[in-house]
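Protein chains: 2
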Amino acid sequence: MMNFEIDKREFLRALGLVQSVAGRKTTLPILSHMLLEWEENSLYLTGTDLETGIREEIVAKIHQKGNASVSAKKLYEIVRELPEETIHIKKKDNQWITLQCGKSVFNLAGLDPEEFPSFPTYQEENFSTVSTRLIREMIEKTSFAASNEESRYHLNGILLAQIKQGGKETLRMVATDGHRLSLLDRENQKIRGIDEKGMIIPKKGVLEVKKIIGDRDGEEEMGIYFNTTHGFFKMGKSLTAIRLIDGEFPEYEQVIPKGNDQKIVMLKERIVSSLKRVSTMASERVEGVKFSIKKNSVEMSSTHQDFGDAQEEVEVVYEGIPLQVGFNARYLIEALNVIDTEEVLMELKDEGSPGILRPSSSTPGLSNQICIIMPMRL
Amino acid sequence: MMNFEIDKREFLRALGLVQSVAGRKTTLPILSHMLLEWEENSLYLTGTDLETGIREEIVAKIHQKGNASVSAKKLYEIVRELPEETIHIKKKDNQWITLQCGKSVFNLAGLDPEEFPSFPTYQEENFSTVSTRLIREMIEKTSFAASNEESRYHLNGILLAQIKQGGKETLRMVATDGHRLSLLDRENQKIRGIDEKGMIIPKKGVLEVKKIIGDRDGEEEMGIYFNTTHGFFKMGKSLTAIRLIDGEFPEYEQVIPKGNDQKIVMLKERIVSSLKRVSTMASERVEGVKFSIKKNSVEMSSTHQDFGDAQEEVEVVYEGIPLQVGFNARYLIEALNVIDTEEVLMELKDEGSPGILRPSSSTPGLSNQICIIMPMRL
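Same order as they appear, the protein sequences are chains A and B.
In my numbering, each number is its position in the first sequence, counted from 1, plus 185.
In my numbering, each number is its position in the second sequence, counted from 1, plus 185.
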């Protein structure tokens with residue numbers, strides 16, 4: 186007698202999302218597992234790396250309530266190869282499960298599901314509703330600037346804060362790795378649990394949320410809620426809980442340079458393609474490109490100790506003083522890629538000061554997107 | 186004054202092919218370079234890893250004859266980013282070249298082109314003509330069975346031999362890694378330089394030929410010619426020279442089992458998908474799946490020491506004695522994937538003997554394709 190039946194296609198989709206967090210940490214065997222819980226008309230799948238937890242609910246035909254814990258990777262591999270038929274699952278006495286589909290029978294080793302880490306608790310009624318498109322845009326335009334280095338834990342996160350700007354409730358995301366910073370403001374009604382100081386969400390978890398949004402392009406709204414330890418993101422029947430980073434986010438407002446009054450207006454696509462060319466001759470380690478700026482012209486140049494050198498001149502709109510400043514080409518390209526306008530404004534002060542990139546159409550003073558890049562000596 | 190002008194798109198295509206062999210060996214700096222030679226109306230690009238050499242000819246507008254040697258990777262990276270315009274190149278006095286395109290100028294470090302390894306010599310008139318489709322098919326259906334282990338140098342090659350079969354000139358390719366063997370015969374007129382004993386071509390070079398054929402799907406014929414040290418493959422204006430392996434190919438005809446009279450007819454797609462499922466529970470190291478064969482049925486099963494077990498029964502046509510035999514699942518799947526017929530014939534003898542796979546429609550005795558797989562104890 187089987188415990189429940191489930192459609193292969195739906196099962197596989199949910200397994201794909203949940204297995205991506207399972208098995209990242211190998212400190213405990215159970216973390217490579219997935220928790221299956223079935224009752225009433227639903228199967229719940231849960232995976233966690235103790236930082237990000239994902240729970241998916243799928244419609245299932247339940248004959249007898251129960252739960253199990255099996256290898257997430259193995260279950261995913263098996264279901265991926267199954268024909269598009271109904272899958273029958275039975276829990277055995279030794280914690281194992283039997284999975285049967287068509288003429289295939291699998292016995293999967295299990296662990297005691299009681300050992301599986303408990304999912305962070307939350308109150309259903311606390312969720313605020315927000316546009317999935319908005320959240321995805323904010324993640325895409327900031328997360329690239331967060332650090333990937335495990336050792337710089339406080340810079341691995343993305344700040345999400347709720348501020349008032351021009352009297353309007355505004356959601357703000359900020360990320361920085363110490364060499365560059367990306368900040369985006371978007372008008373949005375207040376989300377419960379977030380204040381002006383903000384919460385720091387780990388980059389990995391944020392990218393997981395982006396992946397789940399991408400997978401559910403039909404959903405136009407999602408639920409978000411924060412308590413003091415976790416952020417919760419609900420899309421359809423998918424729930425992601427991310428443990429917040431307990432630390433101080435850098436004082437980013439002090440980093441934003443004031444008095445960068447040398448303003449260059451440039452065509453984004455043209456600058457990006459020139460940077461890609463000139464940076465082929467930048468050294469692999471520092472990736473530096475030198476900007477020599479004069480009236481209505483930017484000359485970019487680079488030199489590689491083994492391979493040679495490159496230079497290219499681009500027309501821009503610039504009326505300021507002649508300036509020379511070096512930047513990391515990749516940081517510039519990544520920042521330019523998240524600015525949507527055809528024209529981009531670059532604001533400089535001198536060769537030793539950070540540069541600002543922003544959409545050229547942004548309202549002065551009330552900037553809703555800025556990228557800051559530290560200069561480098563070349 | 187520039188030395189020559191060339192179209193970006195054509196240059197990039199040729200660079201892509203040539204740079205794939207350059208830089209594989211890092212023993213000599215010049216091997217990471219590409220040789221450029223320009224005269225009359227052509228630019229010749231040459232790259233080599235001392236085993237496989239590729240030379241491409243492209244139409245160019247030459248102002249002054251010359252040659253140069255520059256980093257293959259760097260030149261490819263630069264040209265890839267250039268706009269679709271004419272590229273102007275000038276050789277400088279210090280072996281460097283200046284490359285100019287649109288508003289970009291690059292100076293690339295060069296080495297003395299005289300140091301570049303010379304391309305193996307060949308006689309234009311010695312080439313035999315053969316169908317590119319035939320050569321690609323033969324490479325695809327045999328090369329997977331050659332060894333990738335550098336230490337087993339004599340098994341890294343693919344044998345190409347010219348035999349007579351039923352009175353007809355036949356081209357034969359054979360590859361084996363000691364655990365499995367794939368042999369394919371195709372009727373074809375005699376190719377100059379190949380005899381019954383055959384030549385051993387390194388797998389890497391053969392795959393390079395396949396790549397160049399793939400890139401030139403329009404070309405229906407290619408030239409092939411062998412001397413005692415090299416094989417030459419000419420497609421359009423692309424020439425590949427491969428240094429042959431100087432060694433003894435295994436006596437493959439002795440490996441082909443005689444008296445495998447337990448014959449199973451099975452549907453290829455069904456067996457492949459069952460194998461993919463059942464092998465999810467095979468151990469990662471040996472990848473073994475057990476076949477339990479009885480009248481009109483094959484049951485496949487596997488056991489993994491950590492994850493559990495799997496079994497599946499498939500209907501086949503079989504009238505022989507009950508048999509149990511173990512095989513490496515991946516070897517079986519790779520062999521089945523190169524058999525084009527819907528039905529496949531598996532020929533077995535007993536649990537300790539190699540199995541044969543072949544298209545079920547092949548003429549008995551005059552087999553034109555066979556795959557042999559060693560059994561394993563499970």
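Using N, Cα and C, we set each Cβ at its ideal position, and we do this for glycine too.
Judged by their CB atoms, L345 (chain A) and N373 (chain A) are not nearer to each other than the 8 Å cut-off. Considering only beta carbons, the part of the segment 464–483 of chain A lying closer than 7 Å to chain B consists of T465 and M466, in chain order. Residues of chain B with a Cβ closer than 9 Å to the Cβ of D491 (chain A) are, in chain order, S256, K259 and A294. Residue environment: Q204 (chain B) is assigned as buried (16 or more neighbouring CB atoms within 10 Å of its CB, all protein chains considered). In this structure, the straight-line span from the alpha carbon of G351 (chain B) to that of H415 (chain B) is close to 29 Å. Between H339 (chain A) and G232 (chain A), the gap from beta carbon to beta carbon reaches 8 Å or more.
Between the segment 463–483 of chain B and the segment 512–521 of chain B, the count of C-beta pairs closer than 8 Å reaches three or more; the two stretches touch. Less than 8 Å separates the beta-carbon of V499 (chain B) from that of M451 (chain B). For Q347 (chain A), same chain residues with a beta-carbon under 8 Å away, outside a window of 5 residues either side, are E354, T355, L356, R357, K375, I376, I379, D380, E381 and G383 in chain order. K475 (chain A) is a Cβ neighbour of S487 (chain A), given a cutoff of 8 Å. According to DSSP, residue pairing for R357 (chain A) in a beta bridge involves A:A346 and A:D370. Of the residues assessed, G363 (chain A) falls on the exposed side of the cut-off, its CB having fewer than 16 other CB atoms within 10 angstroms.
Chain B has no Cβ within less than 8 Å of the Cβ of A199 (chain A).
In the three-state DSSP reduction, E497 (chain A) falls in the strand class (E or B).
At least one CB of chain A lies nearer than 8 Å to the CB of K461 (chain B). Within chain B, no C-beta atom comes less than 7 Å from the C-beta of V203 (chain A); the nearest is roughly 18 Å away.
If you check the CB distance, Q496 (chain B) and V290 (chain A) come in under 8 Å.
Taking 8 Å as the cut-off, the beta carbon of E241 (chain A) is found closer than this to the beta carbon of K422 (chain A).
Taking 3 residues as the minimum length, the beta strand (DSSP E) runs contained wholly in the segment 204–237 of chain A are 218–224 and 227–233, in order along the chain.
With the rule of 3 Cβ pairs closer than 8 Å, the segment 204–221 of chain A counts as touching the segment 255–269 of chain A. In its chain, beyond the 5 residues on either side, R240 and F417 have a beta carbon closer than 7 Å to the beta carbon of L424 (chain A). For I441 (chain A), the secondary structure class from DSSP, reduced to helix, strand or coil, is coil. At a cut-off of 8 Å between beta-carbon atoms, V290 (chain A) makes contact with chain B. Here E222 (chain B) is not near T317 (chain B), since their CB atoms are 8 Å or more apart. P442 (chain B) is positioned such that its CB atom lies no closer than 8 Å to that of P560 (chain B). Looking at the backbone, the Cα of I409 (chain A) and that of P214 (chain B) are separated by about 56 Å. Three or more beta-carbon pairs separated by less than 8 Å link the segment 265–273 of chain B to the segment 193–203 of chain B, which places the two stretches in contact. Within the same chain, L202, M420, S423 and T425 come within 7 Å of I397 (chain A) by CB-CB distance, once the 5 residues on both sides are set aside. Excluding five sequence positions before and after F434 (chain B), the CB atoms of its chain that fall closer than 6 Å to its own CB belong to L344 and I385, given in chain order. Around the Cβ of N292 (chain A), a 10 Å sphere holds 16 or more other Cβ atoms; the residue is buried. Under the three-state reduction of DSSP output, V391 (chain A) falls in the helix class. Residue B:E322 holds the alpha-carbon nearest to the alpha-carbon of V394 (chain B) among B:L368, B:E322, B:L369 and B:V440. Contacts with chain B (Cβ-Cβ distance below 9 Å) from the segment 447–461 of chain A involve S458, S459 and K461, listed in chain order. Taking S545 (chain B) as the centre and dropping the five residues before and after it, the same chain places the C-beta of V450, T526, E528, V529 and L530 closer than 7 Å to its C-beta, in chain order. Taking 3 residues as the minimum length, the beta strand (DSSP E) runs contained wholly in the segment 301–335 of chain B are 313–316, in order along the chain. If you draw a 10 Å sphere on the C-beta of S458 (chain A), you find 16 or more other C-beta atoms in it, and that means buried.
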